[in-house]
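So the sequence lines, in the order shown, correspond to chains A and B. Per my numbering, residue 1 is the first one in the first sequence, and the count goes up by one each step. Per my numbering, residue 1001 is the first one in the second sequence, and the count goes up by one each step. Think of the CB as a built atom: it goes at the ideal place given N, C-alpha and C, for glycine as much as any other residue. Structure first, commentary second.
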Amino acid sequence: MENRLLMGNEAVAMGALEAGVQVVTGYPGTPSTEILETVARERNENTYVEWSVNEKVAMEVAAGAAYAGARTLVTMKQVGLNVAADPLMSLTYIGVKGGMVVAVADDPGPHSSQTEQDTRAFGKFSNLPIFDPSSPQEAYLMIKKAYDLSQEMGIPVILRLTTRICHSCGTVALENNLKKNDIEGFSKDPRWVIFPKLAYKRHEWLENLQTRLSEVFSQSPFNEITGKGRVGIAASGIAHQYVADVLGDREDVTLLKVGTPYPFPQRVAIDFLTKVDKVLVIEELDPVIEEALIEASYLYKSVPIYGKKTNHLPKNGEYSYELLSQVIGKFLDNIKEKDERVNIPSLPVRPPTLCAGCAHRASFYAFKEALKKEKAVFSGDIGCYTLGNAKPLEAVHTCLCMGAGITIAQGLQHVEPDTKNVAFIGDSTFFHTGIPGIINAVYNNVNMTVVVLDNDTTAMTGHQPHPGIGVTAAGNAAPKVDIEAVAKACGVQYVKKIDPYDLEAAIKGAKEAVAFEGVSMVIFERACVVKMRKQNDYVINRNTCNGCKICVNRLGCPAIYMEQDIPTIEASQCKGCGVCSQICKMHAIEEVAIF
Amino acid sequence: MNIIIAGVGGQGNVLASRLIASTSIMKGMEAKTSETIGMAQRGGCVASHIRIGGQYHSPIVPEGGADLLIGFEIAETARNITKLKKGGKAVMNMGSIRPAGGLINLNAYDEQEACQFIQAYCPDIVSIDAFAIAKGIGNPKVVNIAMIGAAVAAAFLPFTQEEFEIVLKKHLPEKILNINLQAFRKGMSEVLRYGGALCMS
Chain A
1 MENRLLMGNE AVAMGALEAG VQVVTGYPGT PSTEILETVA RERNENTYVE
51 WSVNEKVAME VAAGAAYAGA RTLVTMKQVG LNVAADPLMS LTYIGVKGGM
101 VVAVADDPGP HSSQTEQDTR AFGKFSNLPI FDPSSPQEAY LMIKKAYDLS
151 QEMGIPVILR LTTRICHSCG TVALENNLKK NDIEGFSKDP RWVIFPKLAY
201 KRHEWLENLQ TRLSEVFSQS PFNEITGKGR VGIAASGIAH QYVADVLGDR
251 EDVTLLKVGT PYPFPQRVAI DFLTKVDKVL VIEELDPVIE EALIEASYLY
301 KSVPIYGKKT NHLPKNGEYS YELLSQVIGK FLDNIKEKDE RVNIPSLPVR
351 PPTLCAGCAH RASFYAFKEA LKKEKAVFSG DIGCYTLGNA KPLEAVHTCL
401 CMGAGITIAQ GLQHVEPDTK NVAFIGDSTF FHTGIPGIIN AVYNNVNMTV
451 VVLDNDTTAM TGHQPHPGIG VTAAGNAAPK VDIEAVAKAC GVQYVKKIDP
501 YDLEAAIKGA KEAVAFEGVS MVIFERACVV KMRKQNDYVI NRNTCNGCKI
551 CVNRLGCPAI YMEQDIPTIE ASQCKGCGVC SQICKMHAIE EVAIF
Chain B
1001 MNIIIAGVGG QGNVLASRLI ASTSIMKGME AKTSETIGMA QRGGCVASHI
1051 RIGGQYHSPI VPEGGADLLI GFEIAETARN ITKLKKGGKA VMNMGSIRPA
1101 GGLINLNAYD EQEACQFIQA YCPDIVSIDA FAIAKGIGNP KVVNIAMIGA
1151 AVAAAFLPFT QEEFEIVLKK HLPEKILNIN LQAFRKGMSE VLRYGGALCM
1201 S
C-alpha cells in the first residue's frame, strides 16, 4: 500500500493499469484527457495506448481488442460519447469477451463543453452499468471493480466522471497488485456478427441482465446507507461530498450514497425508503437517482421524494457547498441562511482570449480583411479558435460540435448563395470529423472555402499529437497524414498553404480562395505559439505612433495595452510574431532584438 | 486546515497546491486539492483549493472557510479574500498582473483601494515582492515557490522548511530544482527580514 496524491484522472489510469488493461484508446477532451496521458506515462510494455482520430474510432478499436479477450479502456468527454454512440449501442448487444471500460467525463457547469448532458442517462439508454465515483480514491477502486464486472457479465461498463472528480487531487492508497490477464484470442463465432435475428435474441438477454446487475449493485459497497433519522438524503458523486461536509457529525439524517446509479440497486432503495419518511435527492445534472427512487417509492413503499422535480434543487449547473448548505438547512431545519456577502472593490476582469502571438488571430484577421466588403459568414468549430468569436475579431459566427463548421456552412450556402461561406477548422478537428463534410461539399458542388488552422497539435486540450504530427500517444514515430493531400484526394481543386504571420500573403490567399468557384481550401500553417521559442521583441515607437489604436481595436492581442492613450507592448507577453507591425499604417511598431 | 492559492493562469498555482498537499501527505496527513478556473485559459483567474486533514469530504474550500490565503498578485488576492474565515491569515505578493489586452478598461481597478480592502478584511497578512525575487533569480516562473517560502517562514503552513525541501527535491526535475530552492529560501528570508510583520506600502 502506498499513499499518493493523485488527480482523479490519474487514479483512473492507475486503477486500469493495475487491473491489467492491455489496450487504451481515446480522443482528447476536457476534463478527460489526463487519463490516457497518465496511461501513456505509467504503462509497461504490455499496454498499448493510442490517441484515436475520434471517439467512434477509439470505441471500435477498444471493442475489437476486447473481442479477442483483452482488457480495454476507452476515454472521452461526454460529447465524445455522442460521436461514439453508434458503436456503443450495438456493442451493448454484441458484448465483449475481455473487460471493457468506457470512461466518460461529464462537465456540470459547464466549464469547457457545449452541453451539460448526463452520461448516466446514456447508461440507461444503452442498458450499460455505470459507476459514478465521488473521489479519486473511489475512482481508483471503482475502475478495478468495473473490469471484473465487465468480464463477468460480458458487456462494457461505463465509468462516469465529472470535472470535479477528474481534476481534483486526493490521497489515493495504491494497492500495487498488478493483475495479469492471459488473452484467449479471437474465436470465430456468429455472436460477433450483428443481424436483426441476433439483435432480437440479445435484446432479451440484455433486458434480463438489468435485473441481475441491479442485484449485484445492491450488494456493492459503493452504495451505502449511513446515519439514522426519519429524514433521508440521497446523493452521488461530488454532490455527496458537499452533502457530507454540510452534515458534518450530524447523525439525525439517513444518508444514501449512490455509487452505481444504473441499473439502480433496487434492494438498497427499498432498504433506504423503509428507514425514512421523506427524502431529498441531491445529484448534479439529470434526476437519475430521483426518478429511480420515485419508481421504487411507487412500487414498494410510498415516501415523498423531493429534488429537482419539486424545484428544491436546480436542474442545471454545478452544485456547491454553499448551495447545498442552504437547501439542506431549509429542508432539515427550516433555517434560512443570512446573506453576509461583502462588497469587493471593482477588480480587473480576465476574459478568455486567444494567446498573444496566436496564429489564429492572424488567420481570422486575414479573412476579415479579404471579405470586408462582402456578405460573409464564418462558421467555426471546436478548439482554441472558437475564441475568435470574441471582440474585436468577432470572426466566428457559428459553433455547434466537432466538424460542424464545414457542414453548417453548406446549409447556409444552399439558402443564401450570395453569401461567402468560410468554415474554419483546426488540424486535429479536421481529422476527427472534418473530412466527410469536405467530401460532401465537393460531391454536392457547394461554393465554399474551408480554412484549416494547422498549428501542428491539439492545442486546447494541452498539446496531444494527432495523425498529422508524425508521433503517436506512446511517443513513437508515425507516418504523417498530409492535410493538403487528403483535401486533394477528396476532390478539392484549390488548396493553398500559407503562413498566417505573413499577412499580405494570407489576405491575398484568402481573396483567391473565396473567388474560386467550388470548394477551396486554405491551410494556415503555423505552430502553436505556446510551443514557439521567442525570436525577437516588438516595441511601439511613441514618437511615430499616432494613437489610431488599429492594433488594439482590430487585433485584440493581449500583449498590447493602452498607456496614456498610446498603445504599448508588454514585453513579457509579446511572442514576437510581428503581425501587429504589419497592420500599423504609421510603421510605428518596430522589431528589436531580445537582450 | 483549508488553504486557497489565488493567482492568474500561468503563475504555477497548480504546482504550488500539489507541493503543499504532497508535503502534508508525506507528514502522514490526508490532503485534497482542486482548482476553480474561470475558463481554462492562460491569463485567466485561478484559485487552487487545498484541504489538509481527514475530516473534509469535498476538495473545495467553502466560502468563508479558508484558514490561509496565498495571493500571487494583488487583484486576485482581493477577489478571493472573502474565502478566508474570520481570523484567517494571508500571504500576498505585492505586485500585479495586468489583465490581458488593450480593450479592457483598467480605470475600473484601483490598486490602492484593493490593498486597503485586503488589509481591512485580513489584518494578519504578510507580504513579499515575489516578482522582484523571481527577477533576481532570473526566472519569472518561481514566484509560486517564493510565496510558499514566505508562508513557511511566517509559520502559516503545517510543515517546516526541511520538510518542504524534501518534497521539492522529490518532485522537481534536476534542471529547475536549484532556482526553486533559491526562490523558496529567498521568500523565507524576505519575510523573516520584516519579522513576519505587515510590510504593505
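**Message:** Run through chain B and tell me which residues come within less than 8 Å of A/A244, C-beta to C-beta.
**Reply:** Along the first sequence, read from residue 1 onward, the residue named residue 244 of chain A stands at position 244. Around A/A244, the beta-carbon contacts reaching into chain B at under 8 Å are H1057, S1058.
**Buried or exposed by the 16-neighbour rule on C-beta atoms within 10 Å, applied to B/C1045** = Here residue 1045 of chain B refers to the residue found at position 45 of the second sequence. Burial call: buried.
**Contact with chain B by A/G170, beta-carbon distance below 8 Å** = Residue 170 of chain A sits at position 170 when you count from the first residue of the first sequence. Yes, A/G170 lies at the interface with chain B (some Cβ there is under 8 Å from its Cβ).
**Message:** Beta-carbon within less than 6 Å of B/G1149's beta-carbon, same chain only, minus the 5 sequence neighbours each way: which residues are those?
**Reply:** Numbered from its first residue, the second sequence carries residue 1149 of chain B at position 149. A distance below 6 Å between beta-carbons, with the five flanking residues on each side excluded, links B/G1149 to the following residues of its chain, in chain order: F1184, G1187, M1188.
**Prompt:** Are at least three pairs of beta-carbons, each pair with one atom in the stretch 227-245 of chain A and one in the stretch 255-266 of chain A, less than 8 Å apart?
**Reply:** Taking 8 Å as the limit for Cβ pairs, the verdict is that the stretch 255-266 of chain A does touch the stretch 227-245 of chain A.
**Prompt:** In this structure, what does DSSP give as the bridge partners for A/I540?
**Reply:** The sequence position of residue 540 of chain A within the first sequence is 540, counting from 1. A/I589, per the DSSP bridge assignment.
**Asked** Which chain A residues sit within Cβ distance under 8 Å of B/G1087?
**Response** Indexing the second sequence from 1 puts residue 1087 of chain B at position 87. For a Cβ distance threshold of 8 Å, nothing in chain A lies close to B/G1087: the least Cβ distance comes to about 15 Å.
**Prompt:** With respect to the beta strand (DSSP E) encompassing A/H203, which residues constitute its N-terminal and C-terminal limits?
**Reply:** What you label residue 203 of chain A is simply residue 203 of the first sequence in a count that begins at 1. Premise fails: A/H203 lies in the alpha helix (DSSP H), 196-218, not in any beta strand (DSSP E).
**Request:** Reducing DSSP to helix, strand and coil, say where A/S581 ends up.
**Result:** Taking the first sequence and counting its residues from 1, the one referred to as residue 581 of chain A is at position 581. When secondary structure is reduced to three states using DSSP, A/S581 falls in the helix class.
**Request:** Quick one: grab the DSSP three-state call for B/K1027.
**Result:** Stepping through the second sequence from its first residue, residue 1027 of chain B is reached at position 27. DSSP, reduced to helix, strand and coil, places B/K1027 outside both helices and strands of the structure shown, so it counts as coil.
**Request:** Give the interface partners of A/T472 over in chain B, defined as CB-CB distance under 8 Å, in chain order.
**Result:** Numbered from 1 along the first sequence, position 472 holds the residue referred to as residue 472 of chain A. The premise fails here: A/T472 is roughly 24 Å from chain B at the closest Cβ pair, so nothing lies under 8 Å.
**Prompt:** Quick one: what's got a C-beta closer than 6 Å to A/A65's C-beta in the same chain, skipping five residues either side?
**Reply:** Numbered from 1 along the first sequence, position 65 holds the residue referred to as residue 65 of chain A. For A/A65, where only same-chain residues beyond five positions count, the Cβ hits under 6 Å are V23, T72.
**Request:** Using alpha carbons as the reference points, say which of B/F1072, B/T1077, B/G1064 lies closest to A/S346.
**Result:** Within the first sequence, the letter at position 346 stands for residue 346 of chain A. In terms of CA proximity to A/S346, B/T1077 leads the group B/F1072, B/T1077, B/G1064.
**Item:** Own chain residues within Cβ distance below 7 Å of A/C169, not counting five before or after
**Value:** Mapped onto the first sequence, residue 169 of chain A falls at position 169. Within its own chain, the residues whose Cβ lies closer than 7 Å to the Cβ of A/C169, once the five positions on either side in sequence are excluded, are L5, L6, M7, P136, listed in chain order.
**Asked** Nearest to B/P1099 by alpha carbon, out of B/E1111, B/K1175, B/G1065, B/N1178?
**Response** Residue numbering aside, residue 1099 of chain B sits at position 99 when the second sequence is read from its first letter. Relative to the Cα of B/P1099, the nearest Cα in the group B/E1111, B/K1175, B/G1065, B/N1178 belongs to B/E1111.
**Prompt:** When the Cα of A/V539 is compared with those of A/G518, A/G229, A/A515, A/G578, which residue comes out closest?
**Reply:** On the first sequence, position 539 is the one that residue 539 of chain A refers to. Closest by alpha carbon: A/G578.
**Request:** Please say whether B/V1091 and B/S1048 have beta carbons closer to each other than 8 Å?
**Result:** One-based indexing of the second sequence puts residue 1048 of chain B at position 48. One-based indexing of the second sequence puts residue 1091 of chain B at position 91. In this structure, B/S1048 keeps its C-beta atom at 8 Å or more from the C-beta atom of B/V1091.
**Asked** With burial defined as no fewer than 16 other Cβ atoms inside 10 Å of the residue's Cβ, what is the status of A/K228: buried or exposed?
**Response** For this step, residue 228 of chain A is matched to residue 228 along the first sequence. A/K228 is exposed by the Cβ-count criterion.
**Request:** Using the Cα positions of B/G1136 and B/I1145, report the straight-line distance between them to the nearest angstrom.
**Result:** What you label residue 1136 of chain B is simply residue 136 of the second sequence in a count that begins at 1. What you label residue 1145 of chain B is simply residue 145 of the second sequence in a count that begins at 1. Between B/G1136 and B/I1145, the C-alpha separation is close to 14 Å.
**Message:** What does the alpha-carbon distance come out to for the pair A/V495 and A/S572?
**Reply:** Reading the first sequence from its first residue, position 495 is the one you call residue 495 of chain A. Reading the first sequence from its first residue, position 572 is the one you call residue 572 of chain A. Looking at the two C-alpha atoms, the distance is approximately 37 Å.
**Prompt:** So, is the C-beta of A/S32 closer than 8 Å to a C-beta in chain B?
**Reply:** The residue given as residue 32 of chain A occupies position 32 in the first sequence. The beta carbon of A/S32 sits no closer than 8 Å to any beta carbon of chain B.
**Message:** Can you find the residues in the same chain that come closer than 7 Å, C-beta to C-beta, to B/L1192, ignoring five residues on each side of it along the sequence?
**Reply:** Residue 1192 of chain B sits at position 192 when you count from the first residue of the second sequence. A1153.
**Prompt:** What residue range is occupied by the uninterrupted alpha helix (DSSP H) comprising A/H360?
**Reply:** Reading the first sequence from its first residue, position 360 is the one you call residue 360 of chain A. From DSSP, the alpha helix (DSSP H) with A/H360 extends over 359-370.
**Request:** Go through its chain and collect everything with a Cβ distance to B/A1040's Cβ below 6 Å, but skip five positions before and after it.
**Result:** Counting from 1 along the second sequence, the entry for residue 1040 of chain B is found at position 40. Below a pLDDT of 50, predicted positions are generally treated as unreliable, and B/A1040, at 48, falls in that range; the measurement from the model is reported next regardless. If we look at B/A1040 and ignore the five residues flanking it on each side, it has no Cβ neighbours.
**Asked** Going by Cα to Cα distance, which pick from A/I35, A/P156, A/S52, A/S32 is closest to A/G468?
**Response** As a first step, residue 468 of chain A must be located in the first sequence, where it is residue number 468. The option with the nearest alpha carbon to A/G468 is A/S52.
**Asked** Using a Cβ cut-off of 7 Å, which residues of the stretch 180-198 of chain A contact any Cβ in chain B, in chain order?
**Response** Those residues of the stretch 180-198 of chain A that come within reach of chain B (Cβ to Cβ, closer than 7 Å) do not exist; the list is empty.
**Item:** Proximity to A/V481 [Cα-Cα], best of A/H466, A/V102, A/A474, A/I408
**Value:** As a first step, residue 481 of chain A must be located in the first sequence, where it is residue number 481. Ranking the options by Cα distance to A/V481, first place goes to A/H466.
**Prompt:** Since A/K50 contacts A/A473 with CB under 8 Å, what's their CB separation in whole angstroms?
**Reply:** For the purposes of this step, residue 50 of chain A is taken as the residue at position 50 of the first sequence. For the purposes of this step, residue 473 of chain A is taken as the residue at position 473 of the first sequence. The sequence shown places Glu at residue 50 of chain A, rather than the Lys named in the question. Confirmed, about 5 Å.
**Item:** Cross-chain neighbours of B/V1008 in chain A, by beta carbon under 7 Å
**Value:** For the purposes of this step, residue 1008 of chain B is identified with residue 8 of the second sequence, where counting begins at 1. Near B/V1008 (Cβ distances below 7 Å), the residues of chain A are R350.
**Item:** Of the residues A/F364, A/C574, A/K585, the one placed nearest A/V592, counting alpha carbons only
**Value:** On the first sequence, position 592 is the one that residue 592 of chain A refers to. Minimum Cα distance to A/V592 is reached at A/C574.
**Request:** Evaluate contact between the stretch 81-99 of chain A and the stretch 174-194 of chain A, counting only Cβ atoms and requiring at least three cross-stretch pairs below 8 Å.
**Result:** Short answer: they touch.
**Asked** Per DSSP, B/C1045 is paired with what?
**Response** In the second sequence, the residue the question calls residue 1045 of chain B occupies position 45. For B/C1045, which the question treats as bridged, DSSP gives the partners B/V1008.
**Prompt:** Under 8 Å between C-beta atoms, does B/L1181 make it to chain A?
**Reply:** Position 181 of the second sequence, counting from 1, holds the residue named residue 1181 of chain B. No, because no Cβ of chain A sits closer than 8 Å to the Cβ of B/L1181.
**Asked** Going along the chain, which residues of its own chain have a beta-carbon closer than 8 Å to the beta-carbon of A/D333, five neighbours each way excluded?
**Response** Your numbering for residue 333 of chain A matches position 333 in the first sequence. So the list is empty, once near-sequence residues are dropped.
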